[in-house]
Amino acid sequence: MQKIPTFRKGGIHPDDKKVLSNRQAIERLPVPAELIIPLSQHIGAPALPLKQKGDRVEAGEKIGQGASFISADIHSPVNGTVTALNKVTLANSVVSDAFVITPDTENPMGIWEERPYEAFSAAELQKIVKDLGIVGAGGATFPTHIKLTVPRGKTVDALVVNGVECEPYLTADHRLMLEHSEMVVRGVMLVARMTNPKKIIIGVENNKKDAIVALRKVIAEHDFPIVVTPLKVKYPQGDEKQLLKATIKREIPSGKLPLDVGAVVLNVATAFAIYEAVAYNKPLIERIVTVSGEAIATKRNLRVLIGTKVADLLAYAGLAEEAETYIAGGPMMGFAFYDDQTPIIKGTSGILAFTEEAHKQAPVSPCISCGRCIAACPMGLQPTKLYRLIDHRQYSEAMATNLMDCKECGCCAFVCPAHLPLVHAMKLGKRLGRK
Ligand code: SF4
Ligand code: SF4
Numbered sequence: 004m005q006k007i008p009t010f011r012k013g014g015i016h017p018d019d020k021k022v023l024s025n026r027q028a029i030e031r032l033p034v035p036a037e038l039i040i041p042l043s044q045h046i047g048a049p050a051l052p053l054k055q056k057g058d059r060v061e062a063g064e065k066i067g068q069g070a071s072f073i074s075a076d077i078h079s080p081v082n083g084t085v086t087a088l089n090k091v092t093l094a095n096s097v098v099s100d101a102f103v104i105t106p107d108t109e110n111p112m113g114i115w116e117e118r119p120y121e122a123f124s125a126a127e128l129q130k131i132v133k134d135l136g137i138v139g140a141g142g143a144t145f146p147t148h149i150k151l152t153v154p155r156g157k158t159v160d161a162l163v164v165n166g167v168e169c170e171p172y173l174t175a176d177h178r179l180m181l182e183h184s185e186m187v188v189r190g191v192m193l194v195a196r197m198t199n200p201k202k203i204i205i206g207v208e209n210n211k212k213d214a215i216v217a218l219r220k221v222i223a224e225h226d227f228p229i230v231v232t233p234l235k236v237k238y239p240q241g242d243e244k245q246l247l248k249a250t251i252k253r254e255i256p257s258g259k260l261p262l263d264v265g266a267v268v269l270n271v272a273t274a275f276a277i278y279e280a281v282a283y284n285k286p287l288i289e290r291i292v293t294v295s296g297e298a299i300a301t302k303r304n305l306r307v308l309i310g311t312k313v314a315d316l317l318a319y320a321g322l323a324e325e326a327e328t329y330i331a332g333g334p335m336m337g338f339a340f341y342d343d344q345t346p347i348i349k350g351t352s353g354i355l356a357f358t359e360e361a362h363k364q365a366p367v368s369p370c371i372s373c374g375r376c377i378a379a380c381p382m383g384l385q386p387t388k389l390y391r392l393i394d395h396r397q398y399s400e401a402m403a404t405n406l407m408d409c410k411e412c413g414c415c416a417f418v419c420p421a422h423l424p425l426v427h428a429m430k431l432g433k434r435l436g437r438k
């Protein structure tokens, strides 16, 4: 029997909790009464506002202009009116300027008609990706047009598409691959036209067998040169370093990028957004979000407009019990937040709500030098040593011990029997070590 690949160093197997929502077909959340559209929804400089209070906006209209090389345009998800330009605190604690938009009561949604796109050149496709504000939908929110512009002199050996979704609870990518396989695969082929790879791989963890079958069916029907590679379930395989090790056996050296080892890595939800942008001229104005966690009455996968408040998702899904904590993204690498008026942004893959009981922190005790954190670290770091250095404020020594290679994946904290706040320490050490 053929061995199912994965990355070798470190990693963990948390209870994935995907059964809570992986059979819930994607539903569209009704248009909310108000949207909050931040100008900072991506890595890089915030977009510059193009509208003022009182202005009319149309669905798909550009309302924020990318402000620098690493930035992205912002578009209105609806026909409506700008009622304010306020400050908003995002789930990741970033404070951003944001448009408040009241959608029209009649016909708030845009109409997106298919257009012929086969004749577009690679440069034209890249311009569409830039102009329609596509960023990494897996959570990284790096502006995609930069990733897809391969510098002169570099070649792409492999386009590796990330369908791993290894974070517990999250099932949005799973449902997307299952229900919209054709659009995901066509999006991947568009990316291939822009990057000209020698091979194309979609990596999917083996707990999504139905999605693997669905993708392979579409690929076979069109005879596309794409291989779907099932991967052994292991966290954090969705990180591009681990994904490249699992799929093409290449290691990204410290401080380098996938392109330095001949690879472009892109999430399945980003491929889907690219297909909608190219085939329908539709900007990134909505996305699929998993709503799950023990406090949610009916766990769901919802298609929501960017700018929808978390409170609107929670009202639709219903709270079974009072929520103590919300997390945007997955429980391992997501951001805990407390304000349900926080909006969904382009990188929000999930909203999780937990009861006090489910989110109870175990008491912290001294390190017993068991070495479990070292065995679990996929980056080959020594979390126990880094923790000690940071705890003793020896930040430059921690930096010299490869602290910046830490991906904040949480594997070390997950296995630590002393329940030490290892990830918190890594984040603090990086921030103070950079000064
Ligand atoms: S959080 Fe950092 S130190 Fe801990 S396991 Fe992940 S990469 Fe290693
Ligand atoms: S897992 Fe926790 S207790 Fe064990 S060595 Fe690492 S920090 Fe210490």
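Numbering (the working numbering), first residue to last: 4 to 438. Positions of the beta carbon are idealized from the N, C-alpha and C atoms, including for glycine.
- Counting of Cβ neighbours within 10 angstroms places R189 among the buried residues, the total reaching 16 or more.
- Going by C-alpha positions, K133 is about 26 Å away from G337.
- The beta carbon of A339 lies closer than 6 Å to those of T328, I330 in the same chain, with the five residues before and after it left out.
- For Q129, the enclosing alpha helix (DSSP H) stretches over residues 125-134.
- The alpha-carbon of I348 is positioned some 16 Å away from that of N270.
- Between I291 and R306, the CB-CB gap stays under 8 Å.
- For the set C373, L392, G321, F145, the Cα lying nearest the Cα of I354 is the one of G321.
- The C-alpha of N199 is placed about 12 Å away from the C-alpha of V163.
- Between ligand 1 and the CB of M382, the shortest heavy atom gap is smaller than 7 Å.
- Burial state of V22 is exposed, judged by a 10 Å Cβ sphere holding fewer than 16 other Cβ atoms.
- With fewer than 16 other Cβ atoms inside 10 Å of its own Cβ, L260 counts as exposed.
- Looking at the backbone, the Cα of A298 and that of G136 are separated by about 33 Å.
- In this model, R434 and D394 are separated by some 14 Å (Cα to Cα).
- Contact between V85 and P41 is absent: CB atoms are separated by about 14 Å, not below the 8 Å threshold.
- Boundaries of the alpha helix (DSSP H) harbouring P386: 386-394, taken from the DSSP string.
- Note on the stretch 206-258: whole beta strand (DSSP E) runs with a minimum of 3 residues are 229-234, in chain order.
- Beta bridge pairing from DSSP links L179 with no other residue.
- Assignment of V34 by DSSP, reduced to helix, strand and coil, places it in the coil class.
- For the pair of segments examined, the stretch 46-55 was found not to touch the stretch 6-26: the number of CB pairs separated by less than 8 Å stays below three.
- The beta carbon of V207 is closer than 8 Å to those of G166, V167, M180, A214, I215, L218, V231, T232, P233, L234 in its chain, skipping five residues each way along the sequence.
- The closest CA to that of I255, considering only F10, L425, Q5, is found on F10.
- In the three-state scheme derived from DSSP, where H, G and I count as helix and E and B as strand, F145 is classed as coil.
- A Cβ closer than 7 Å to some heavy atom of ligand 2 marks a residue here, and those residues are C370, I371, S372, C373, G374, R375, C376, I377, P386, T387, Y390, C415, V418, C419, P420, A421, L423, L425.
- The beta carbon of E208 sits no closer than 7 Å to any heavy atom of ligand 1.
- Residue range 271-283 is occupied by the alpha helix (DSSP H) that includes T273.
- One thing to note: P146 has its Cβ no nearer than 8 Å to the Cβ of A195.
- For G436, the enclosing alpha helix (DSSP H) begins and ends at 425-436.
- Membership of D100 in the beta strand (DSSP E) is indicated by the continuous run 98-106.
- Cβ contact annotation for G333 (same chain, cutoff 7 Å, sequence separation greater than five): E170, P171, Y172, L173, G353, in chain order.
- I73 is the residue among E360, I251, V281, I73 whose C-alpha sits nearest the C-alpha of T144.
- Relative to ligand 1, C169 has its C-beta separated by 7 Å or more from all heavy atoms.
- Remark: the C-beta of G432 is outside contact range of ligand 1, defined as less than 7 Å to any heavy atom.
- DSSP places I377 inside the alpha helix (DSSP H), whose first and last residues are 375-379.
- Per DSSP, G190 is one residue of the alpha helix (DSSP H) stretching across 184-198.
- Burial check for P33: the Cβ neighbour count within 10 Å stays below 16, so the residue is exposed.
- Ligand 1 has a heavy atom closer than 7 Å to the beta-carbon of K410.
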